[in-house]
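Enquirer: Just dropping this structure here.
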Amino acid sequence: MKKILKKLVIGLLKAMAKHRLHKYKGKIIAITGSVGKSSAKDAIYTILNTRFRVKKTKKNMDSDFGLLLTILDIESGFNSATKWSWYLIKGFMHCVTRDHSDVLLFELGVDQPGEMDFLTSVLKPDIAIVTQISPVHLGPGQFKDINEIFEEKIKLVKAMDSRGIAILNIDNPYLENFRKKNRKKTTLTYGKDKEADFWVSQIKESLEGLDFILHHDNKRYDVHLNVVGECQFYAIMPAVICGVMMGMNVEDCVEAAKKFSLPAGRMSVIPAIHGATILDSSYNSSPDALKEALNTLKNIEPERRKIAVLGSMNELGEESKILHKSVGEMVPECAEMLITVGAEAVHFASAAKEKGMGEDVVFSFRNALDAAEFFKNKIKKGDLILVKGSQQNVKLENFVKELMEEPEKARELLVRQERAVLARLE
42 MKKILKKLVI GLLKAMAKHR LHKYKGKIIA ITGSVGKSSA KDAIYTILNT
92 RFRVKKTKKN MDSDFGLLLT ILDIESGFNS ATKWSWYLIK GFMHCVTRDH
142 SDVLLFELGV DQPGEMDFLT SVLKPDIAIV TQISPVHLGP GQFKDINEIF
192 EEKIKLVKAM DSRGIAILNI DNPYLENFRK KNRKKTTLTY GKDKEADFWV
242 SQIKESLEGL DFILHHDNKR YDVHLNVVGE CQFYAIMPAV ICGVMMGMNV
292 EDCVEAAKKF SLPAGRMSVI PAIHGATILD SSYNSSPDAL KEALNTLKNI
342 EPERRKIAVL GSMNELGEES KILHKSVGEM VPECAEMLIT VGAEAVHFAS
392 AAKEKGMGED VVFSFRNALD AAEFFKNKIK KGDLILVKGS QQNVKLENFV
442 KELMEEPEKA RELLVRQERA VLARLE
């Protein structure tokens with residue numbers, strides 16, 4: 042019965058959303074990729090919103106329901122028939138009115154084959170951005186390999202008409218190969234590669250932010266971002282390109298980029314007890330993103346003692362052990378102590394010890410609270426602590442909350458602190 046009701050609700054929402062989009066006169070920008078979607082979406086919003094009226098996907102509403110609810114400006118009714126009845130009425134009222142935003146900005150997430158087909162049956166973007174292709178969502182019922190991930194994500198670009206613009210990260214080999222073969226659509230590229238239309242050099246990262254040189258049309262631009270992590274330039278580059286495509290000049294885009302900030306749990310700098318500092322990346326984790334985070338831990342403020350607190354990476358299927366160990370092998374070069382949380386995370390520990398990390402500095406725990414209680418007696422002044430793990434079951438925000446200097450600010454600074462979320466996690 043629930044499946045029938047869900048199909049009925051989503052069918053009604055889809056019909057209303059398509060009707061509303063049919064009347065829409067502005068630009069539609071859609072973002073997909075294995076990692077970096079939310080950051081890129083927020084960066085694009087930051088830059089374009091200085092000049093245009095932009096409506097974006099709220100939080101992580103990047104699924105089929107999320108897309109439809111965003112278009113119709115309504116909330117989810119969750120399991121309440123009463124709420125759904127009201128929201129469907131409200132959605133109908135909205136679908137007969139025109140959305141007056143200049144830009145509709147959508148984040149599109151897919152975690153199994155066929156999901157992009159539904160999303161592109163609702164909208165055809167004017168600009169399609171693909172951030173990265175990497176091994177995620179490889180669990181049962183999801184993708185069988187990275188090639189299948191690529192084929193699903195790239196459907197967003199293929200869904201555009203001939204006037205559409207594709208924006209691709211050509212540091213990723215899958216996207217670079219696609220660019221070489223895809224000559225039917227206008228394609229703009231970004232990355233470290235000098236062959237990109239927009240490329241970067243001289244990247245410098247610190248706890249105060251990120252600095253780099255942006256190159257475009259034989260011109261150089263100094264860029265400063267108030268975010269931590271070298272990989273964050275991948276978020277701002279497609280945003281600059283979108284700004285240019287919308288008629289902004291590069292200088293104005295670079296100036297607007299100074300206002301860019303990341304949501305909670307994405308490499309936030311949080312003061313910890315005893316004068317230590319936490320790099321809170323507890324929102325989620327995947328192999329490529331975790332490797333980037335470990336490199337950041339390694340490269341900034343080398344005089345500090347570095348601690349890596351790593352939770353299990355979920356939805357990696359049969360490749361889980363191999364992918365965890367490939368990351369664990371990096372840890373001895375990046376940290377002086379390793380704490381793992383979760384069943385799969387023990388593979389980080391075994392790989393780190395195989396690479397020479399001492400038994401006396403590698404510790405494994407089943408949950409975040411036990412890890413935090415242990416580390417309270419180990420933390421030292423000046424420690425720099427990277428905290429990163431996947432969403433389900435790991436809950437490393439609980440580790441951060443126990444160690445942060447001002448736990449009363451948890452609702453403000455940490456991920457998944459809404460009352461409804463906390464209730465579900467209890």
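In the working numbering, the protein residues as written are 42 to 467.
Glycine is no exception: its CB is placed at the ideal position from the N, C-alpha and C atoms.
Owing to the predicted nature of the structure, the values given are computational and were not obtained by experimental measurement.
(1) When you compare the CB positions of S175 and V241, do they come within less than 8 Å of one another, or not?
(2) Under a three-way DSSP split, which group does F385 fall into?
(3) Three or more C-beta pairs under 8 Å: does that hold for the segment 277-296 against the segment 378-398?
(4) What does a CB cutoff of less than 7 Å around K442 pick up in its chain, not counting 5 residues either side in sequence?
(5) CB D167 to CB I69, shorter than 8 Å?
(6) For V462, I'd like the list of residues in its chain whose CB is within less than 8 Å of its CB, leaving aside the five on either flank, ordered along the chain.
(7) Could you compute how far the alpha carbon of D252 sits from the alpha carbon of Y128?
(8) In terms of alpha-carbon separation, which member of L364, H265 and E374 lies closest to V387?
(9) Span of the alpha helix (DSSP H) holding S162?
(10) Residues in the same chain with beta-carbon distance under 6 Å from N439, minus the five sequence neighbours each way, listed in chain order, please.
(11) Roughly how many angstroms separate the alpha carbons of E467 and D321, rounded to a whole number?
(12) Tell me whether N267 sits in a helix, a strand or coil according to DSSP, three-state version.
(13) What ranges does the alpha helix (DSSP H) occupy inside the segment 165-221, keeping only unbroken runs of at least 4 residues that lie completely in it?
(14) Pull up the CB-CB distance for S327 and G430, whole angstroms please, since I reckon it's below 8 Å.
(15) Give the DSSP-derived three-state secondary structure of D65 in the structure shown.
(16) Going by beta-carbon coordinates alone, are I319 and I426 separated by less than 8 Å?
(17) Let's test the definition: count the other Cβ atoms within 10 Å of the Cβ of P343 and tell me whether it reaches 16, buried, or not, exposed.
(18) Where does K260 fall in DSSP's three states?
(19) Using only the alpha-carbon positions, how far apart do F147 and L109 sit?
(20) Distance check for K100 and F406, CA to CA, integer angstroms please.
(21) For F106, does the three-state DSSP call read helix, strand or coil?
(22) Applying the criterion that 16 or more other CB atoms from any shown protein chain within 10 Å of the CB defines a buried residue, is R465 buried or exposed?
(23) State the DSSP-derived secondary structure class of E377, mapped to helix, strand or coil.
(24) Between D140, R345 and A349, which lies nearest to K332 when the distance is taken from Cα to Cα?
(25) Could you give the C-beta distance for V269 and E246, rounded to a whole number, given that I count them as a contact under 8 Å?
(26) So, using beta-carbon positions, are P304 and S104 closer together than 8 Å?
(27) Using DSSP's beta-bridge definition, name the partner residues of P304.
(28) Does the segment 151-165 come close enough to the segment 194-214 that 3 or more CB-CB pairs lie under 8 Å?
(29) Between which two residues does the alpha helix (DSSP H) holding L331 run?
Expert: On the basis of the supplied data:
(1) Counting from one through the sequence shown, the residue named residue 175 turns up at place 134. Counting from one through the sequence shown, the residue named residue 241 turns up at place 200. With contacts defined as CB atoms closer than 8 Å, S175 and V241 fail to qualify as a contacting pair.
(2) In the sequence shown, the residue the question calls residue 385 occupies position 344. It is worth fixing the name first, because residue 385 is Glu in this sequence and not Phe. Residue state, collapsed to three classes: coil.
(3) They do not touch, by the three-pair rule.
(4) The count along the sequence shown starts at 1 and reaches residue 442 at position 401. So the qualifying residues of the chain are P448, A451 and L455.
(5) Taking the first residue of the sequence shown as 1, we reach residue 167 at position 126. Taking the first residue of the sequence shown as 1, we reach residue 69 at position 28. Between D167 and I69, the C-beta spacing is below 8 Å.
(6) Residue numbering aside, residue 462 sits at position 421 when the sequence shown is read from its first letter. Low confidence applies here, because V462 scores a pLDDT of 47, under 50, leaving its location unreliable; read the following figure in that light. Within the same chain, V462 has no close Cβ partners at all.
(7) As a working mapping, residue 252 is identified with position 211 in the sequence shown. As a working mapping, residue 128 is identified with position 87 in the sequence shown. If I take the Cα positions, the gap works out to 45 Å.
(8) Along the sequence shown, read from residue 1 onward, the residue named residue 387 stands at position 346. Residue nearest to V387 within the set L364, H265 and E374 is L364 (criterion: CA-CA distance).
(9) Here residue 162 corresponds to residue number 121 of the sequence shown, with the count starting at 1. Run containing S162: E156 to V163, per the alpha helix (DSSP H) assignment.
(10) For this step, residue 439 is matched to residue 398 along the sequence shown. Counting only residues of its own chain and dropping the five nearest sequence neighbours on each side, N439 has a CB closer than 6 Å to the CB of A409 and L410.
(11) Indexing the sequence shown from 1 puts residue 467 at position 426. Indexing the sequence shown from 1 puts residue 321 at position 280. Because the pLDDT at E467 is just 45, under 50, the model does not fix this residue reliably, and the value given afterwards should be weighed accordingly. Going from the Cα of E467 to the Cα of D321 covers about 21 Å.
(12) Counting from one through the sequence shown, the residue named residue 267 turns up at place 226. In the structure shown, N267 sits in coil (DSSP, three-state: anything other than H, G, I, E or B).
(13) If you keep only unbroken alpha helix (DSSP H) runs of at least 4 residues inside the segment 165-221, you get 187-194 and 196-199.
(14) By one-based count along the sequence shown, residue 327 stands at place 286. By one-based count along the sequence shown, residue 430 stands at place 389. With 8 Å as the limit, S327 and G430 do not qualify as a contact, their Cβ atoms being about 11 Å apart.
(15) On the sequence shown, position 24 is the one that residue 65 refers to. The amino acid occupying residue 65 in the given sequence is Tyr; Asp does not appear at that position. Three-state DSSP puts Y65 in coil, outside helix and strand.
(16) What you label residue 319 is simply residue 278 of the sequence shown in a count that begins at 1. What you label residue 426 is simply residue 385 of the sequence shown in a count that begins at 1. Closer than 8 Å, so yes.
(17) Within the sequence shown, the letter at position 302 stands for residue 343. By the neighbour-count rule (16 or more Cβ atoms within 10 Å), P343 is not buried but exposed.
(18) Against the sequence shown, residue 260 aligns to sequence position 219. Looking at K260 - three-state DSSP - the assignment turns out to be strand.
(19) As a working mapping, residue 147 is identified with position 106 in the sequence shown. As a working mapping, residue 109 is identified with position 68 in the sequence shown. The straight-line gap separating the alpha-carbon atoms of F147 and L109 is approximately 10 Å.
(20) The residue labelled residue 406 in the question sits at position 365 within the sequence shown. The residue labelled residue 100 in the question sits at position 59 within the sequence shown. Going from the Cα of F406 to the Cα of K100 covers about 30 Å.
(21) For the purposes of this step, residue 106 is identified with residue 65 of the sequence shown, where counting begins at 1. Helix at F106.
(22) On the sequence shown, residue 465 is found 424 positions in, with the first residue counted as 1. The pLDDT assigned to R465 is 45, lower than 50, so where the model puts this residue is not dependable, and the model offers no usable value.
(23) Your numbering for residue 377 matches position 336 in the sequence shown. In this structure, E377 counts as coil in the three-state DSSP scheme.
(24) As a position in the sequence shown, residue 332 is number 291, starting the count at 1. Nearest C-alpha to K332: A349.
(25) In the sequence shown, residue 269 corresponds to position 228, counting from 1. In the sequence shown, residue 246 corresponds to position 205, counting from 1. 7 Å between Cβ atoms; contact.
(26) Position 263 of the sequence shown, counting from 1, holds the residue named residue 304. Position 63 of the sequence shown, counting from 1, holds the residue named residue 104. With contacts defined by Cβ atoms closer than 8 Å, P304 and S104 do not form a contacting pair.
(27) Here residue 304 refers to the residue found at position 263 when the sequence shown is read from its first residue. Looking at the DSSP output, P304 sits in no beta bridge, so it has no partner there.
(28) Flag = yes, the segment 194-214 and the segment 151-165 touch.
(29) The residue given as residue 331 occupies position 290 in the sequence shown. Segment P328 to N340, the alpha helix (DSSP H) holding L331.
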